[in-house]
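Residue numbers (the working numbering), protein chains in the order written: chain D, 160 to 820; chain F, 25 to 339; chain E, 6 to 489; chain Z, 302 to 521. We put the CB at the ideal spot given by N, CA and C, even for glycine.
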Amino acid sequence: MIDAALLAALAWIALGCCGLVAPRSHAFAGRVLYPAGAAVGVLVAGIAGFALFDEPSARVLPLGLPDLPFHARLDALSAFFLALLGGVAAGVSVFASGYLRADQGSPPGLVCLCYHVFLASMALVLVADDAYFFMVAWETMALSSFFLVTSDHRHAEIRRAGYLYILIAHIGAISILLCFGALQSGTGDYTFEGMRALQLPAGWATLAFVLALAGFGAKAGIVPLHVWLPEAHPAAPSPVSALMSAVMLKTAVYGMLRVTLDLLAFPVWWWGVIALAVGLASALFGIIFAAVQTDMKRLLAYSSIENIGLILAGFGLTLLFRGFGMGTLAALALTATLYHCLNHAFFKSLLFLATGSVLHATSERSLGRLGGLIHRMPWVAWSALIGTVAIAGLPPLNGFVSEWLLLQAFLFTPNLPQGYVNMLVPVAAAAVALTAALSGYVMVKFYGIVFLGQPRDAALAQAHDAGPWEKTGLAWLGAVCVALGLFPHVVIRALEPITRQFTGYGISGEAGGWLFVAPIEPERASYSPLLFLGVATLLILVAWLAVRAFYHGRARRANAWDCGFPWQSARMQDTAEGFGQPVKVVFQPAFRIEGEAPSPRDRRPRYRETAEDRFWYWLYLPVARLAERMTALVTVLQRGRISVYLMYSFATLLVLLFFVR
Amino acid sequence: MNLAGAAAQFTELMLAVLLAPLLTGWVNQCRAWLQNKSAPGLLQPYRVLAKLFQKEVVLAHNASPLFRAAPYLVFGCLALAAAIVPSLSTGLPLNAAADAIALVGLLALARFFIALAGMDVGTAFGTLGARREMMVGFLAEPALLMVLFTASLISHSSSLSTIVEALGHREFVIYPSMAFAGVAFTMVSLAENARIPVDNPATHLELTMIHEAMVLEYSGRHLAMVEWAASLKLFVYSCMGLALFFPFGIAQGGDWPGIVLALPVLLAKLAAGGAALALIEMVSAKMRIFRAPEFLGTAFLLAVLAMLVHVLLEG
Amino acid sequence: MAAEMLLLLASPLAGGAVLALVGQRGYAAEVNAGFAIVTFGAAARLVARVIADGPLSAFEEQFFVDSLNVFLVALTAFVAMTTSLFSRPYMRIERSHGRVTDAGMRLYHSMYQLFTFTMLLVLTTNNLGVMWVAMEAATLTTVLLVALYRTHASLEAAWKYFILCGVGIAQALFGTILVYFAAERILGAGIGSLLWTHLAAVKADLEPTVMSIAFVFLLVGYGTKVGLVPLHNWLPDAHAEGPTPISAVLSGLLLNVALYALIRFKVLTDGALERPFASGLLMGFGLLSVAVAAFFLSRQRDIKRMFAYSSIEHMGLITFAFGMGGPVASFAGLLHMTVHSLTKSAIFFAVGHAAQKNGTQLMDGIRGLVKVSPTIGWGLMLGTAAILGMPPFGVFASEFLILTTAIAQQPWAAPILLVSLGVSFAAIFSKVQAMVFGEPSAARLPHRPALVPVFTHLALVLLLGLYIPPYLADWYRLAARLIG
Amino acid sequence: MLQHYGPQLVNLLAAVLLLLAFAMLSQRRILSLINLFAAQGLVLFLATALVASITGQPHLYWSAGLTLLLKVLLLPWILHRLIRRLNVKWDVETLLNIPTTMLVGIVLVILAFNLAAPISQLAGTVTRSTLGIAMASVLLSFLMMITRSKAVPQVVGFLSMENGLFFAATAAVYGMPMVVELGVALDVLVASLILGVFLFQIRERFDSVDTRHLEKLKEH
């Protein structure tokens, strides 16, 4: 199994290198390499599917440091994320083969290389079984994705975005590195086996946990380390943003789970509280900011922050239950977490690809100039609708299932032995509910403004639907979203090995047969998407047929009525700003709002309002200023006068001599 | 699921679908009485529906298939919701298919599509209505969820029929948390059903309307479906409220005699509830649209408070 | 043994003489490269011998090769060779631009060989006095090269280089005398008490006070050449103003060699004092250098100057690693020495060509390199990624080991390292990204860059990141055990 | 006789050396600075020769001869020519005024003696007590280099530091092994030649050998 996985990663790298054979040929890369990459993706998913129920298999490669060859291991957790990677990569690669065109800055062969190295490095991150291999794969992932983000490096803002991304990624990587240092705590044994065996004292364990949270959080984009995310995702080509948001963020989640649940065999309940708090903060922050965005890819990027926040909340809940030794509930929370990872991977990549098609058709990212595309590009619109319903967490699609499981996990919290946590839980549940509702709001805004209504720009009349490759990719991802929504019991059973491995329990035993999902026991809670969808469809059909049967199906086309307003133009619809206004009003304190409103006597009234991220002003700019000050400080050392330089060494000599005495 | 259960389920569903307009009519009549106007008659909603079904549909030029599908979708969702809520009896087949959370999700789904339909034609009022509807939604939905959570914390289950059985068929206990939840639920259902003080179903006043603005472009059978769905929504919420806060006389496990007994009880409760709703609408004034968030925020906080109270006093 | 040693030292010496005699001819550069290649061959033979039959000494122990210095010998010879290959076209272009006179070229070539000779002498000699002499000679041979362009800036840089290093090295001589003084009381007067092997044998009995004072003088002396803060002031000037090949060998080799001398004495001192006195000092100075250099980076405008500061930072990191000691840290330090000199010289090669193409060393004047010349652009980008500790390059391997050991053994140092590495990454990457990407500022120049050395070095660094050959590893291990 | 008075004579010479170091520190005129340097060389030569005759170590005679040749004759001659060619005979203004410099110098001497005291106890040589003086003169030359702003005095300071080192070697350990002595001497010679070349180059670039002109390279 592990060999197969490694070979698949190798195949990806090989495909990438093939890109260098004909670096300037789009046809070769697009028609040969990317489809092949997609095939490898399917293969990876298959391998992982088998490995999920298989015994963990390990392999030591003759690479790496002398005393530390590359250890690779494929256990249930890795297999799960590997399956996620493969499944998404398949769809995205097929899409990419139709998508990547001549207008990028870097030659296609180079992009192809970076793309496949990116995929391979993510796969290697998931199978790495020692700190060095992990870090190598991790940073390779960062570097290759950086080159992908800046592949169109002619624009200054894209370069800036890439820079911000790689900087935060690198600092995060250093902190992960230090975390591993704390985990091996001077034994010099960097393999995960060694770290598992090691029993760290509480202080070191907590240090490691905090470092891991910070390091992986920087990659996952948790508040306040999220600032790179809304910059990098719009900058990158859409397939890349899809991969980054769908899979790369999940590798960060994987790392968190691996370190905390696996390597740190040291359950401390209040770690869970930290993770829960950070996660909910990120979730609310992300969705609130998504609501006021005017760039469709930025909007999706912020919603990624939200989803990562929800995942982190589930993770925190897992830690909480685990810390209090409640195995079944921990298993439930962990299932919800992983399930949401899976869902987010698919619907978010679907949506990013859809925005990519829109971007190609209209070369327009700003919501203010889109609209009515459901007529021009129906295929994209309908597949995007699936993604939208899913991400809004509405039944019967997949987004709802994971949120349902998460809320179930919350429902069973209040018999915790810790009073304050009991108080905290209802609030947390409320935050989750609020987030879910807001995501519905955001998605109505997204879909309604991009695809519905009248075109806000004359140029949109020329918009064309996506090509066959892109359609295939979208269809695949959409289909998976539906399947994940309709057959949750399958997924839950697939997750059982993982939950058993880390919590000792599985929840699929009570899963109430093939029709119902009942995580704890049927009379506590149960949900059956199939029945749900079946009855709903039945009712809808009956209603429709009845209406047709008893009455008529006549319809006449006319101008919209709109309370009889005579002149209706596209500009009378809500803009993105307008649609976000209520959220801006309700959650005012969250934003840093600047703008001017026109006075009644303005000749040419102009309205401008920007809602900025406070963290820039709270965290990042101060840090930059501090560094600036330090620089000014050390600069004094290098003033150019040779006597002064001599004095430095003289003083050093004297001071040392004095202390030797 | 046995055949009897299926039959009971079907009865409950059809009852809801058929009685929903009647409830709307009843509420309007009560309101008219309280305003001592002459009431339009109890069956007026049915007449309206019939008329609308007869009329031909006028579609805006750029109305998409989504626009045409939405009314049926919404109707279907709410009918399903009506089937899920244990109005006559608990333990029916569909109760297991969806619990409280799924019910909220179902209502959200309906809202989602009607809002999209509102934006589809791309008129000023349509988008305005959709925006306001979603604004109401993103505060009302979690509040409703929290109310249901309070109930499910009490009954250690999120499945509605278990909740009802726990609340209704055990020995009588006073739950202070349910008081908070009740207030919150009332506020939420006022907002959700486009009632005063949040919205006014009777007017088409541009600046204040929410639901009406959203469905402004609908006509003919589509409008009929939308209206019917709206009254279904009112019916569902009423039944939900009654099941949560007055869970008496609801049959168990779909046994026929129980259902036969439960029917008049339900009707009585609905009549009382409708009257109460009309009374509330009478005594309160329509508030500015930007007060709505505060109103709903209060409801949300009350619901959360209800959970806290439960954890504190009853946990 | 003696033969290889003789060849190793004679080849560059002869090269210096020959090139001084023939003067600037068309083939001088080739001759230069030829001698460098011969030297490398000799080094390779020597390495083979040492791998075969362990530590060796020659000429009644005046010369001594163990696993610690043999790999530095190999490294030095190798980088000297590649640099000579690089300097062939580079200096030719400089000449054609008229920045260098014929006399200058003659001086350049012969001094280049002599410089190689002195470094090899420092590395191979067993006699601490000779080591000092050779170190001073290394300064003397390079100081004229730094002033090669005869511009204001280059003269100033050379003058500072000369005075600061001269004074520093004088302190080192005093330290050496003190060591001799301490040794003489045990081993008796005469040449024997200056031989490192003899001293190492009796290091436990050396007089602690004397050794500690001696080490202070030696630290200030050789530390100046290593470029430890606050003794570093000559380094950026000399690197920025000298010809690029010289910057490459200065920062790639000379700093290593000086650090090597320091390590030899550190071993003696820690042996004499029971407490880790020298190690503590090394750690402190190393950390200080890392932190200060990192903050210097962000204000640089001259690209070579910036990378000079990054050399200070990396030497600090290596010094810190040796100060920590222990098998892992010392191993990491040696590895870092290797990969740093390879990477940094590669970067200087690429930078040299970039500067030649754009006609300026100021970073604002260099834009869009990947457009102008993809090879140079990617060479610079990858080199920078490597030097900033991006895997899968070798620098990451050593930094990985150093940091993970640091947080386990010296937790207090971890935050300092974290901040410094973050700051330096931010500074260097932003500047290099701006130079490599974006719209180009300069037109293509006719000449073809000599980028074989660049990519050879980068390939080696990549290899070291992914796979360290077993004999090399054993070699590092032995050396690490030697350092302790 | 010599065995008895020799060490005392050496100590006397050492004292003279220290005196000369102070004199150089306080000296303003370049010409006399060079002469003082020559005198220092002479004292060094005498001391070395004396130690050689006391201990009868042959290689010390060699180094004595070397000192005479290099430090007393060659280098002063080179320096004289240099300043004649560069005609920089004028006074040297110091960065730090003379009395302060003197005070600092005294502090240095105290520090040096303190450092040397324990070591001198260990020394088996008759001239043990002079190690402190050697160290002091090294530090003093260092101080002199710091306080002088012109190039030539800095060079002289550099060379006199070398003298101090030689004296340390002689006094503490009866001189380093021959090969080292030769190497060091060679280095010093080459260094001073290169310095000469430099001074001319600097001169022709900056029309002055004031190191204050050499402050362009710095961080802004």
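1. Please report how far the alpha carbon of PHE34/F lies from the alpha carbon of ILE464/D, in whole angstroms.
2. Can a CB atom of chain D be found closer than 8 Å to the CB of LYS451/Z?
3. So, for ALA413/Z: in the same chain, excluding its five sequence neighbours on each side, which residues have a beta-carbon less than 7 Å away from its beta-carbon?
4. Quick one: is ASP107/E near chain Z, going by C-beta distance under 8 Å?
5. Using a Cβ-Cβ distance cut-off of 8 Å, determine whether TYR113/E contacts chain Z.
6. Taking all protein chains shown into account, do 16 or more other C-beta atoms lie within 10 angstroms of the C-beta of GLY712/D, making it buried, or fewer, making it exposed?
7. If distances are taken between C-alpha atoms only, which option among LEU11/E, GLY31/E, GLU66/E and ALA25/E comes closest to THR44/E?
8. Residues in the segment 790 to 805 of chain D with C-beta within 7 Å of chain Z's C-beta atoms, listed in sequence order?
9. Measuring CA to CA, which of SER598/D, GLY200/D, SER184/D and ARG183/D is closest to ALA170/D?
10. Going by the beta-carbon positions, is the gap between ALA469/Z and GLY476/Z smaller than 8 Å?
11. Which whole-angstrom value is the C-beta distance of ARG457/D and PRO389/D, which I expect to be below 8 Å?
12. Please decide whether LEU813/D counts as near chain Z, where near means a Cβ-Cβ distance under 8 Å.
13. Determine which residues of the segment 314 to 342 of chain D have a Cβ less than 8 Å from any Cβ of chain E, and write them out in chain order.
14. With DSSP collapsed to three states, give me the class of LYS451/Z.
15. Please tell me whether THR174/F and ALA205/F are closer than 8 Å, where the distance is taken between their beta carbons.
16. Could you tell me if GLU787/D is buried or exposed, where buried requires 16 or more neighbouring beta carbons within 10 angstroms of its beta carbon?
17. Could you tell me if SER315/E is buried or exposed, where buried requires 16 or more neighbouring beta carbons within 10 angstroms of its beta carbon?
18. Tell me, to the nearest whole angstrom, how far the beta carbon of TRP430/D is from that of LEU478/D; I am working on the premise that it is less than 8 Å.
19. Whose C-alpha, out of ALA432/E, LEU463/E and PRO397/E, is nearest the C-alpha of MET300/D?
20. At the 8 Å Cβ level, is PHE443/Z part of the contact set with chain D, yes or no?
21. Quick check: the Cα distance between PHE474/D and THR496/D, rounded to an integer number of angstroms?
22. Can you list the residues of chain Z that LEU224/D reaches, using a CB-CB cut of under 8 Å?
23. Measure the alpha-carbon distance for GLU279/E versus LEU128/E and round it to whole angstroms.
24. For PRO117/F, which residues of its own chain have a beta-carbon under 7 Å away from its beta-carbon, when the five flanking residues on both sides are left out?
25. Leaving out the 5 sequence neighbours to the left and right, which residues in its chain are closer than 6 Å to ASN261/E when beta-carbon positions are compared?
26. Using a Cβ-Cβ distance under 8 Å, would ASP223/F count as near chain D?
27. Terminal residues of the continuous alpha helix (DSSP H) containing HIS244/E?
28. At a Cβ threshold of 8 Å, is ILE196/E touching chain Z?
29. I'd like the list of long-range same chain contacts for VAL78/E, defined as Cβ closer than 6 Å, with 5 residues on each side in sequence excluded.
30. Please classify THR365/E: does DSSP put it in a helix, a strand, or coil?
31. Helix, strand or coil for ARG355/D, going by three-state DSSP, please let me know.
32. Contact criterion: CB-CB distance below 8 Å. Does LEU202/D meet it with respect to chain F?
33. What in chain Z is Cβ-close to THR214/E, meaning under 7 Å?
34. Pick out whichever of ALA401/D, ARG524/D, ARG784/D and PHE506/D has its Cα sitting closest to the Cα of LEU307/D.
35. Rounded to the nearest angstrom, what separates LEU487/Z and SER493/Z at their Cα positions?
36. Enumerate, from N- to C-terminal direction, the unbroken beta strand (DSSP E) stretches of 3 or more residues contained entirely within the segment 365 to 434 of chain E.
On the basis of the data shown:
1. 44 Å
2. LYS451/Z does not count as touching chain D.
3. For ALA413/Z, where only same-chain residues beyond five positions count, the Cβ hits under 7 Å are GLY433, MET436, ALA437 and LEU440.
4. no
5. no
6. exposed
7. LEU11/E
8. THR794, GLN797, ARG798, GLY799, ARG800, ILE801, SER802 and LEU805
9. Here the closest residue by C-alpha is GLY200/D.
10. With respect to the 8 Å criterion, ALA469/Z and GLY476/Z are not classified as neighbours on the basis of their beta carbons.
11. Between ARG457/D and PRO389/D the beta-carbon gap is near 5 Å, inside 8 Å, which marks them as a contact.
12. yes
13. Residues of the segment 314 to 342 of chain D with a Cβ closer than 8 Å to any Cβ of chain E, in chain order: ALA315, ARG318, GLY321, TYR322, ILE325, LEU326, HIS329, ILE330, ILE333, SER334, LEU336, LEU337, PHE339, GLY340 and ALA341.
14. strand
15. yes
16. Taking all protein chains shown into account, GLU787/D has fewer than 16 neighbouring C-beta atoms within 10 Å of its C-beta and is therefore exposed.
17. buried
18. 5 Å
19. With distances taken between Cα atoms, MET300/D lies closest to PRO397/E.
20. True, the Cβ-Cβ gap to chain D drops below 8 Å.
21. 6 Å
22. Under the 8 Å cutoff, chain Z gives no residues; its nearest Cβ is about 38 Å from LEU224/D.
23. 27 Å
24. MET25, GLY29, ALA30 and GLN33
25. Within its own chain, the residues whose Cβ lies closer than 6 Å to the Cβ of ASN261/E, once the five positions on either side in sequence are excluded, are MET342 and SER346, listed in chain order.
26. Interface with chain D (8 Å Cβ-Cβ cutoff): ASP223/F is excluded.
27. 239 to 246
28. yes
29. ALA48 and LEU128
30. coil
31. Reduced to three states, the DSSP call for ARG355/D is helix.
32. no
33. PRO419 and ILE420
34. ALA401/D
35. 10 Å
36. Runs of the beta strand (DSSP E) inside the segment 365 to 434 of chain E: none found.
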